[in-house]
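Here the structure comes first, spelled out in structure tokens, and everything after it is commentary.
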Amino acid sequence: MDHSSFQILCDSWFYTCVCVCACVCEMGLEEMGRQLRTMIFWLTFDFLAGQKDPNSLRLKYNFIADVVDKIAPAVVHIELFRRSPFSNREMSVASGSGFIVSEDGLIVTNAHVVTNKHRVKVELRNGATYNAKIKDIDEKADIALIKIDTPDKLPVLLLGHSIDLRPGEFVVAIGSPFSLQNTVTTGIVSTTQRGGKELGLRNSDMDYIQTDAIINYGNSGGPLVNLDGEVVGINTLKVTAGISFAIPSDKIRQFLAESYDRQSKGITSVKKRYLGVRMITLSFSLAKELRDRHKDFPDINAGAYIIEVLPRTPAAAGGLRDNDVIISINNQLVTSASDVSEAIKKDSSLSILVRRKNEDLRINVVTEEIEP
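Just so we're aligned, residue 1 is where the sequence shown starts under the working numbering, counting upward by one.
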């Protein structure tokens with residue numbers, strides 16, 4: 001404590017002691033002393049609590065917490081329900097994340113989060129819950145727009161320009177993994193141009209942001225933001241620890257503009273076949289990385305690597321599992337994730353050959369038609 005602060009504290013003590021001691025005639029000295037010590041303690045505590053040390057490392061380097069305070073109110077938890085074919089009751093089947101982009105309740109998330117669900121429920125940070133309507137979906141880009149109706153103006157996140165991102169830049173991922181609302185992870189941008197063809201994410205004309213920020217189950221659809229609190233991407237998938245991908249915000253901006261144009265023209269979509277897996281193309285470098293991290297990963301360098309089998313989907317019912325590698329469908333060789341997508345478009349009945357650990361298994365799956 002410097003001299004001026006010490007003087008202020010002493011003056012405060014002096015005037016308090018004068019006032020208190022004026023009452024000494026009304027109580028015993030022992031009781032007076034006890035009360036005086038108590039008052040001096042709280043005066044000291046209140047004074048020091050109000051002081052902010054400009055050299056405090058906590059205040060100086062807690063910039064991540066500042067970003068989270070700024071963005072968290074506009075991040076939502078999404079819970080998905082389907083109706084049981086046996087009991088006809090709704091069941092919670094999955095959860096994800098999203099973020100508000102308009103004060104009247106438009107929310108951006110991943111397409112795979114909300115596809116093929118009977119009901120979508122959105123929970124705001126304040127605990128309020130709403131049923132959401134799906135406004136638009138681009139399965140190819142894995143972006144969806146949903147809407148909740150509320151009389152209140154909602155906090156929103158602004159879209160940054162992902163084209164300005166640089167490798168090595170700090171980013172913050174926020175979402176609801178395992179239904180834990182507003183869970184935060186941080187990392188850096190590994191690359192801003194991981195090509196769609198390289199990943200096999202069904203949209204070969206788009207570059208993805210690769211980051212080492214941890215994206216867990218339920219983070220999907222949540223925002224990836226820069227240190228200014230601007231959205232630079234949608235958290236999309238995690239391949240393994242330290243390798244995660246996000247859809248660039250410039251693609252989100254394009255999707256929102258096209259969505260507005262489609263809806264203004266009254267254009268509707270048609271039903272599509274649905275398998276229920278999240279996958280990427282297995283390249284030689286990715287296979288090596290996975291073998292280094294998982295000793296039981298199969299000895300194979302090409303195919304479609306299943307990152308996740310979504311629950312209660314045709315893929316799950318047929319017996320596909322996480323970490324399977326699809327090597328052929330209906331006796332046609334599969335070398336990329338896009339090969340799987342094309343096979344789904346052609347046939348509803350799929351005979352899928354997968355490599356699981358080092359065993360080849362034949363799995364039969366019947367896709368279902370869904371409203372996107």
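We treat Cβ as the ideally placed atom computed from N, Cα and C, and that holds for glycine. Values in this document were obtained by computation on a predicted structure and should not be read as measured data.
query: Of the residues Val239, Phe255, Ala315, which one's Cα is nearest the Cα of glutamate 289?
result: In the sequence shown, counting from the first residue as 1, residue 289 sits at position 289. The option with the nearest alpha carbon to glutamate 289 is Val239.
### Message
I need the straight-line Cα distance from glycine 105 to glycine 98, nearest angstrom please.
### Response
Position 105 of the sequence shown holds residue 105. Position 98 of the sequence shown holds residue 98. Their backbone Cα atoms lie some 11 Å apart in a straight line.
>> Quick check: asparagine 323 and phenylalanine 297, are their CB atoms within less than 9 Å of each other?
In response: Here residue 323 refers to the residue found at position 323 of the sequence shown. Here residue 297 refers to the residue found at position 297 of the sequence shown. It is a contact, given that the beta carbons lie within the stated cut-off.
inquiry  = Give me, in chain order, the residues of the same chain whose beta-carbon lies closer than 7 Å to that of alanine 72; leave out the 5 immediate sequence neighbours on both sides.
reply    = Taking the first residue of the sequence shown as 1, we reach residue 72 at position 72. The residues are Arg125, Ile174, Asn182.
> Would you report the Cα separation of alanine 22 and leucine 154, rounded to the nearest angstrom?
Replying inline: On the sequence shown, position 22 is the one that residue 22 refers to. On the sequence shown, position 154 is the one that residue 154 refers to. Note that alanine 22 scores 47 on pLDDT, short of 50, meaning its location in the model is unreliable and no value can be drawn from it.
(message) Taking contact to mean 3 or more Cβ pairs, one atom from each stretch, closer than 8 Å, check whether the segment 159-172 and the segment 217-233 are in contact.
(response) As far as the Cβ criterion goes, the segment 159-172 touches the segment 217-233, which means the pair count is three or higher.
Answer with buried or exposed for phenylalanine 63, where buried requires no fewer than 16 other C-beta atoms within 10 angstroms of its C-beta.
-> Here residue 63 refers to the residue found at position 63 when the sequence shown is read from its first residue. Looking at its Cβ environment, which holds fewer than 16 other Cβ atoms inside 10 Å, phenylalanine 63 is exposed.
Would you check if the distance between the CB atom of isoleucine 143 and the CB atom of threonine 109 is smaller than 9 Å?
One-based indexing of the sequence shown puts residue 143 at position 143. One-based indexing of the sequence shown puts residue 109 at position 109. Cβ distance < 9 Å, so isoleucine 143 and threonine 109 count as in contact.
DSSP on lysine 345, reduced to helix/strand/coil? Your numbering for residue 345 matches position 345 in the sequence shown. Correct three-state label for lysine 345: helix.
- prompt: Are the CB atoms of asparagine 331 and serine 351 nearer to each other than 9 Å?
  reply: Position 331 of the sequence shown, counting from 1, holds the residue named residue 331. Position 351 of the sequence shown, counting from 1, holds the residue named residue 351. Against a cut-off of 9 Å, the Cβ pair of serine 351 and asparagine 331 comes out as a contact.
Classify isoleucine 107: buried if its beta carbon has 16 or more other beta carbons within 10 angstroms, exposed otherwise. Locating residue 107 in the sequence shown gives position 107, counting from the first residue. Burial state of isoleucine 107 is buried, judged by a 10 Å Cβ sphere holding 16 or more other Cβ atoms.
Anyone know if the C-beta pair for valine 156 and valine 101 falls short of 9 Å? Numbered from 1 along the sequence shown, position 156 holds the residue referred to as residue 156. Numbered from 1 along the sequence shown, position 101 holds the residue referred to as residue 101. Yes.
message = Checking the sheet assignment: what are the DSSP bridge partners for valine 113?
response = What you label residue 113 is simply residue 113 of the sequence shown in a count that begins at 1. Residue pairing of valine 113 in beta bridges, as defined by DSSP: absent, with no partner found.
In terms of residues, what are the limits of the alpha helix (DSSP H) holding valine 67? If you number the sequence shown from 1, residue 67 lands on position 67. Judged by DSSP secondary structure, valine 67 falls within the alpha helix (DSSP H) whose first and last residues are 63-71.
* Asked: glutamine 210 and isoleucine 243: beta carbons closer than 9 Å?
  -> Stepping through the sequence shown from its first residue, residue 210 is reached at position 210. Stepping through the sequence shown from its first residue, residue 243 is reached at position 243. Taking the C-beta atoms as reference points, isoleucine 243 is found nearer than 9 Å to glutamine 210.
Could you check if serine 56 is buried or exposed, using at least 16 other CB atoms within 10 Å of its CB as the buried criterion?
-> Indexing the sequence shown from 1 puts residue 56 at position 56. By the neighbour-count rule (16 or more Cβ atoms within 10 Å), serine 56 is not buried but exposed.
Alpha carbon to alpha carbon, how far is alanine 241 from aspartate 292? Give it in angstroms, no decimals.
Looking up residue 292 in the sequence shown gives position 292. Looking up residue 241 in the sequence shown gives position 241. The straight-line gap separating the alpha-carbon atoms of aspartate 292 and alanine 241 is approximately 12 Å.
Helix, strand or coil, according to DSSP, for lysine 288 in the structure here? The count along the sequence shown starts at 1 and reaches residue 288 at position 288. Here DSSP, grouped into helix, strand and coil, assigns lysine 288 to helix.
- prompt: Run through DSSP, which three-state label would glutamate 359 get?
  reply: Residue 359 sits at position 359 when you count from the first residue of the sequence shown. DSSP, reduced to helix, strand and coil, places glutamate 359 within a strand of the structure shown.
Worksheet entry | Outcome for aspartate 136 when other beta-carbon atoms lying within 10 angstroms are tallied against a minimum of 16 | Here residue 136 refers to the residue found at position 136 when the sequence shown is read from its first residue. Taking a 10 Å sphere around the C-beta of aspartate 136, we find 16 or more other C-beta atoms and assign the residue as buried.
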